[in-house]
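Please read the structure below before turning to the comments.
Protein chains: 2
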Amino acid sequence: MQNSVKNIFPNFSNELVSTIEENGSQQNFEAGTILMRTGQYIKNTVLILKGKIKIYREGEDGGEFLMYYLQPGQACAISMICTAKSEKSQIMAKVVEDVTVMMIPLQLMDKWMMEHRSWYEFVIETYRSRFEEVLEVVDNIAFRSMDERLEFYLKRHSDACGCSEVKLSHQEIATELNTSREVVSRLLKKMEQRGLVKLNRNQIELLNTNFTN
Amino acid sequence: MQNSVKNIFPNFSNELVSTIEENGSQQNFEAGTILMRTGQYIKNTVLILKGKIKIYREGEDGGEFLMYYLQPGQACAISMICTAKSEKSQIMAKVVEDVTVMMIPLQLMDKWMMEHRSWYEFVIETYRSRFEEVLEVVDNIAFRSMDERLEFYLKRHSDACGCSEVKLSHQEIATELNTSREVVSRLLKKMEQRGLVKLNRNQIELLNTNFTN
DNA sequence: AACCTACAGTAACATTTATCACAGAAGGAA
DNA sequence: TTCCTTCTGTGATAAATGTTACTGTAGGTT
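Just so you know, the sequences run in chain order H and V. Going by the numbering used here, 10 is the number at position 1 of the first sequence; the sequence numbering is gapless. Going by the numbering used here, 189 is the number at position 180 of the second sequence; the sequence numbering is gapless.
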């Protein structure tokens with residue numbers, strides 16, 4: 010079974026995998042689906058088996074701001090920590106590539122934390138790594154200018170997909186960085202002149218992966 | 010005993026309090042001490058009994074950026090989560106008001122999580138609330154302009170100290186918001202003209218607490 | 001082909017924020 | 001008092017980013 014919990018989460022113990030399969034419900038969602046909105050109550054923890062989910066923050070004026078992506082083998086840190094007293098979500102979660110997820114009722118969290126060592130470790134590690142990721146996001150917006158942030162953004166994307174082509178329109182990039190399309194176009198053009206990228210319709214090819222880092 | 014663990018952390022069980030007092034070491038640090046630097050290894054979890062610690066991010070160019078403050082009854086989320094494999098710190102921690110802290114070896118974390126329900130709940134809650142706080146910080150820098158951020162900053166400060174006077178120089182504020190002193194002076198002046206604050210040397214008096222919120 | 005729509009490029013201008021330069025005021029120390 | 005240091009105010013200017021407006025182009029549809 011390609012997308013089994015056992016394969017995607019190899020560190021989970023066998024009992025844990027069984028428990029998950031007994032208590033969780035596997036579901037599919039199409040790209041574009043919004044799985045969670047700011048202010049909604051969280052009732053489930055989500056384990057990603059397939060596809061990609063975007064976690065972002067929404068401003069009052071409707072602006073977006075990308076926090077990070079969730080991919081197979083990962084889980085939504087926010088949803089994991091909201092313990093028994095199902096808290097309100099502080100973020101938006103949108104499916105960007107058709108996903109298969111395992112939904113697990115929040116009530117089971119505390120119980121599993123005590124009973125399953127591998128679950129405990131997974132939760133702690135998830136939280137730690139997301140915290141770090143968010144700190145890095147803060148760094149980027151606090152200390153860097155838009156051109157650096159754009160480079161960083163492209164690099165993250167190409168790292169994630171493992172290829173050097175980023176298939177996004179300027180508008181999409183602008184939205185995730187909470188800036189305007191014109192700014193992105195301008196900066197990309199400058200990067201092209203510096204020989205860092207090659208621009209095509211709906212696609213940006215990174216020529217020199219080791220720029221800012 | 011005024012600054013006892015029992016008083017400052019009322020939710021801890023009696024056994025937990027004893028265990029903490031047995032295994033932790035109580036220490037004092039003066040204002041100005043840097044307790045943790047970016048890149049250092051974390052070997053202890055820190056519970057704050059008295060005083061105030063500033064948690065901030067440092068940019069490559071030396072710029073600062075305030076994340077949040079730690080006060081009595083709180084603990085450093087970062088240090089709590091770095092489990093057994095003592096991780097590197099991603100942040101800076103500086104004492105801003107003389108502190109008394111309880112240092113607890115990291116090795117005990119996992120053990121206590123399993124053995125002490127009240128410790129488990131404390132850790133989870135600490136992590137949850139810090140995550141939210143950092144998300145709010147992201148919001149501020151991603152979606153708001155400097156004048157709004159300044160208002161928010163002042164409000165946080167007056168909330169924290171419970172009084173309407175913020176005793177900080179423009180330079181200190183500028184540093185924490187990673188901007189320049191002149192910008193802060195100018196914006197404060199505008200706020201004064203709008204009747205929101207009264208400016209004095211090393212002190213800003215908030216006149217109208219309910220501005221942006 | 002003719003048409004339509006989404007995407008990309010770019011100039012001109014507005015706004016925000018950063019930087020430089022300098023002056024004055026408050027408060028402490030000699 | 002006089003001197004010194006720190007803090008604050010403010011103008012002038014630069015740089016970065018956001019906004020408006022318009023053009024062209026690629027690709028799909030009819």
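Virtual Cβ for every residue (Gly too), placed ideally from N, Cα, C. Here the structure is a predicted model, which means the values were calculated and not measured.
Just tell me which of V:ARG203, V:HIS179, V:ASN187 has its CA closest to the CA of ASN209 of chain V.
If we check each option's Cα against that of ASN209 of chain V, V:HIS179 comes out closest.
Output yes if chain V places a C-beta closer than 8 Å to the C-beta of TYR136 of chain H; else output no.
Yes, TYR136 of chain H lies at the interface with chain V (some Cβ there is under 8 Å from its Cβ).
Beta carbon of VAL105 of chain V, beta carbon of ALA40 of chain V: below 8 Å?
Contact: yes.
Would you mind telling me which residues of chain H sit closer than 9 Å to ARG66 of chain V, beta carbon to beta carbon, in chain order?
Within chain H, the residues near ARG66 of chain V are LEU144, VAL147, ASP148, ALA151, PHE152.
In terms of alpha-carbon separation, which member of H:GLY68, H:GLU67, H:PRO81, H:THR47 lies closest to PHE18 of chain H?
Selected option, being the one with the closest Cα: H:PRO81.
Output needed in chain order: residues of the stretch 72-101 of chain V with a Cβ under 8 Å from some Cβ in chain H.
Within the stretch 72-101 of chain V, the residues whose Cβ lies closer than 8 Å to some Cβ of chain H are GLY72, PHE74, MET76, ALA86, ILE87, ILE90, CYS91, THR92, GLU96, GLN99, ILE100, listed in chain order.
ALA40 of chain H lies in the beta strand (DSSP E); which residues open and close that run?
No beta strand (DSSP E) holds ALA40 of chain H; DSSP gives it neither H nor E.
Name, please, each residue of chain H whose Cβ falls closer than 8 Å to the Cβ of ASN187 of chain V.
In chain order: ALA151, PHE152.
Verify the CB distance criterion: does PHE8 of chain H have a CB-CB separation below 8 Å to chain V?
Here chain H comprises residues numbered 10 to 222, so residue 8 of chain H is not present and cannot be evaluated.
Give me the Cα-Cα distance between LYS164 of chain H and MET111 of chain H, rounded to the nearest whole angstrom.
Roughly 29 Å between the two C-alpha positions.
Can you tell me whether DSSP reads ARG66 of chain H as helix, strand or coil?
Strand at ARG66 of chain H.
What residues in its chain sit with their C-beta under 6 Å from that of THR184 of chain H, if we drop five residues either side in the sequence?
The residues are GLU73.
Start and end of the alpha helix (DSSP H) containing ASN209 of chain H?
From DSSP, ASN209 of chain H is part of no alpha helix (DSSP H) but of the beta strand (DSSP E) over 206-209.
Using the three-state DSSP reduction, which class does ASN53 of chain H fall into: helix, strand or coil?
Three-state DSSP puts ASN53 of chain H in a strand.
Considering THR28 of chain V, what are the terminal residues of the alpha helix (DSSP H) in which it resides?
THR28 of chain V -> alpha helix (DSSP H) spans 23-32.
Counting only beta-carbon atoms, is MET123 of chain V nearer than 8 Å to chain H?
Chain H contact via Cβ: present.
From ASP107 of chain V to LEU44 of chain V, what distance separates their C-alpha atoms?
ASP107 of chain V and LEU44 of chain V: Cα-Cα distance of roughly 12 Å.
Is the beta carbon of GLN35 of chain H within less than 7 Å of some heavy atom of the ligand ADP?
Absent from the structure shown: the ligand ADP. Ligands present: none.
If we ignore side chains and look at the alpha-carbon of each, how far apart do GLU69 of chain H and TYR50 of chain H end up?
Distance between the alpha carbons of GLU69 of chain H and TYR50 of chain H: 19 Å.
Spatial neighbours of ILE213 of chain H within its chain, please: C-beta separation below 6 Å, excluding the five flanking residues on both sides.
Hits under 6 Å: VAL175, VAL206.
Using alpha carbons as the reference points, say which of V:GLU24, V:SER27, V:VAL55, V:THR28 lies closest to GLN36 of chain V.
It is V:VAL55.
Quick one: what's LYS59 of chain H bridged to in DSSP?
Looking at the DSSP assignment, LYS59 of chain H forms a beta bridge with H:THR109.
Rounded to whole angstroms, what is the Cα-Cα separation between ILE64 of chain H and SER34 of chain H?
In a straight line, the C-alpha of ILE64 of chain H is about 21 Å away from that of SER34 of chain H.
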